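FYI, the UniProt record's numbering numbers position 147 of the sequence shown as 147, with every residue one higher than the one before it. Where is the CB? At the ideal position from N, CA and C, for every residue including glycine. As the structure is a computational prediction, the values presented were derived from the model and not from experiment. Right, one structure below, let's go through it.
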Amino acid sequence: MANIKDEAKRILPQIVEWRRHIHAHPELGLETPETEAYIVKALEGMGFPSSSIKKGIGGHGVAAVLQGDIPGQTLAIRADLDALPIKEETGLSFAATNGNMHACAHDAHTAMALGAAKVLINHRRELKGSVKFIFQPAEETVIGAKAMIDDGVLENPKVNALIALHTGLLWKDFSVGQIGYSRGGMMASADRFLITLKGKGGHGATPHLTVDPISMAGQLICRLQTILSREINPVDPAVLTIGRIAGGSAYNIIPGECILEGTVRVLDVATRKMVEERIRELTVSTAESMGGEAMVEYTPGPPPVINNEAMTNKLIASAALLLGNDNVREIPEPSMGAEDVAYFLEQVPGTFFFHVGSNPDKGQTYPHHNSRFDIDEETLWIGSAIFAHFALNWQ
Ligand SMILES: [Zn+2]
Ligand SMILES: [Zn+2]
1 MANIKDEAKR ILPQIVEWRR HIHAHPELGL ETPETEAYIV KALEGMGFPS
51 SSIKKGIGGH GVAAVLQGDI PGQTLAIRAD LDALPIKEET GLSFAATNGN
101 MHACAHDAHT AMALGAAKVL INHRRELKGS VKFIFQPAEE TVIGAKAMID
151 DGVLENPKVN ALIALHTGLL WKDFSVGQIG YSRGGMMASA DRFLITLKGK
201 GGHGATPHLT VDPISMAGQL ICRLQTILSR EINPVDPAVL TIGRIAGGSA
251 YNIIPGECIL EGTVRVLDVA TRKMVEERIR ELTVSTAESM GGEAMVEYTP
301 GPPPVINNEA MTNKLIASAA LLLGNDNVRE IPEPSMGAED VAYFLEQVPG
351 TFFFHVGSNP DKGQTYPHHN SRFDIDEETL WIGSAIFAHF ALNWQ
């Protein structure tokens, strides 16, 4: 077996160059045509024939297929490529100047996936099946993965397994260059709900002649929290946050309507369905018991990120071989944040792992989505090496 670690380290300057170019030219959401063109150029430059690259998937997504010489199944290596509407303040020589910023390291994810492609293209003879490199826009708005799936990115060839990573500072108590894994639920679903409580407005001095939606809201807020505290198994993580409440126009008027808006985050698919049903039931019953009416709009966001155990064990094996056992660690607890890689993992078994890419010794202590967020480029070979090693060994 070739020394994937040395090969990935050798191309680090190239990985850094890709990262810096993408970093300097951030694009948002589904509107990523320049990044798309740059990725296609990079793939062609390393020897991918144009016929193996498909662009414009789900907007400006790219997929490239590397066919191995040995028959087998298809692994997808997925990277996201979009940036954030943040004015960069890192002071880096390649800082973006267009008002947007790669403040979540998706530039690094794309560069690491390109690095894996560059390593693997020289190993076609040992490669079983094929590798499909998926470059996805609109992760931050959590619509890009679904857009690419709906546009057929998991077909032709059909994807049988998937691997992806997130770098940065997502979990604490890790050292730079280490890998964090999870064998099950790793990140939460992120749904949105909008509740409209309808009553009958009137004078604040005559509540008996009104149906008060503000009182309904007060009772409902308390009842909704009992879904979490009384109905869900306490060891099953769940969040229900009401982030917006709006009703009323003056201190002495009982309004006709009050609106509550919030988010539900869970790690379990059955819990997710149960919480939605109970929000509907409790909302309607609370409103009706007080003489009012209610409407619930429940908008599902990405599902929870659930890793496949067998795939995760294979990731651990590859990462431990490359980095040593001590540098491959289980994440201590899941995150209640969301990642739209979940849509891929809903369709195919796979694993999403944490690459510790921020280095406090280099002042990289700013959180994700901060205008000074940065990563340690010296670590970028690690993602490429793990992707490449996994691709050569997962089946
Ligand atoms: Zn982000
Ligand atoms: Zn991100």
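Taking 7 Å as the line, does the beta carbon of residue i fall inside it for any heavy atom of ligand 1?
i    : result
H389 : no
A203 : It is worth fixing the name first, because residue 203 is His in this sequence and not Ala. For ligand 1, not one heavy atom lies less than 7 Å from the Cβ of H203.
E140 : yes
C258 : no
H60  : no
H369 : yes
Check the DSSP bridge columns for residue i and list the partner residues they point to.
i    : result
V356 : G168
C258 : L197 and G247
H203 : I253
F133 : A64 and I77
V328 : I179
R192 : T263 and T299
V239 : R265
K54  : A63
E31  : L28
With a threshold of 7 Å (Cβ to nearest heavy atom), would residue i be considered close to ligand 2?
i    : result
H102 : no
H23  : no
H166 : yes
H208 : no
H355 : no
H106 : yes
Give the straight-line distance between the Cα atoms of residue i and residue j, rounded to the nearest whole angstrom.
i    : j    : result
A310 : G292 : 51 Å
N359 : T167 : 11 Å
A347 : T210 : Per the sequence shown, the amino acid found at residue 347 is Gln instead of Ala. One C-alpha to the other measures close to 50 Å.
V284 : G68  : 57 Å
H23  : L220 : 45 Å
H203 : I254 : 6 Å
R19  : M101 : 13 Å
M186 : G59  : 28 Å
V16  : I214 : 55 Å
K362 : A294 : 53 Å
V356 : I134 : 22 Å
I191 : S52  : Per the sequence presented here, residue 191 reads as Asp, with Ile not at that position. If you take the alpha carbons of D191 and S52, they lie about 36 Å apart.
Q364 : R280 : 44 Å
P71  : G115 : 24 Å
I242 : A388 : 43 Å
F390 : L66  : 14 Å
Y366 : E88  : 12 Å
P234 : L228 : 8 Å
E36  : G184 : 32 Å
A103 : I86  : 8 Å
R230 : K172 : 30 Å
A250 : F353 : 51 Å
K314 : T351 : 9 Å
D212 : E277 : 24 Å
G99  : S93  : 16 Å
K41  : T286 : 58 Å
S335 : S182 : 11 Å
K158 : L392 : 18 Å
A270 : A238 : 12 Å
K54  : L240 : 40 Å
D80  : R272 : 26 Å
Q395 : E31  : 36 Å
Determine, for residue i, whether the minimum Cβ-Cβ distance to residues of chain B falls below 8 Å.
i    : result
N370 : Looking at the structure shown, chain B is missing, and only one protein chain is on hand.
Which whole runs of the beta strand (DSSP E) in the region 154–184 are 3 residues long or more, in chain order? 161–168 and 179–181
Are at least three pairs of beta-carbons, each pair with one atom in the region 5–19 and one in the region 376–390, less than 8 Å apart? yes
Three CB pairs or more closer than 8 Å across the region 332–343 and the region 131–142: yes
Please give the ranges of any alpha helix (DSSP H) in the region 78–145, keeping only runs that are unbroken, at least 4 residues long and fully inside the region. 106–120
Pairing CB atoms from the region 313–331 with CB atoms from the region 138–157, are three or more of them under 8 Å? no
Taking three-plus beta-carbon pairs below 8 Å as touching, is the region 102–111 in contact with the region 153–169? yes
Would you call the region 193–207 and the region 255–263 in contact, with 3 or more CB pairs under 8 Å? yes
Counting Cβ pairs, one atom from each stretch, are 3 or more of them under 8 Å apart for the region 367–377 and the region 169–180? yes
Taking only runs of the beta strand (DSSP E) that begin and end inside the region 339–384, which ones reach a length of at least 3 residues, in chain order? 350–356
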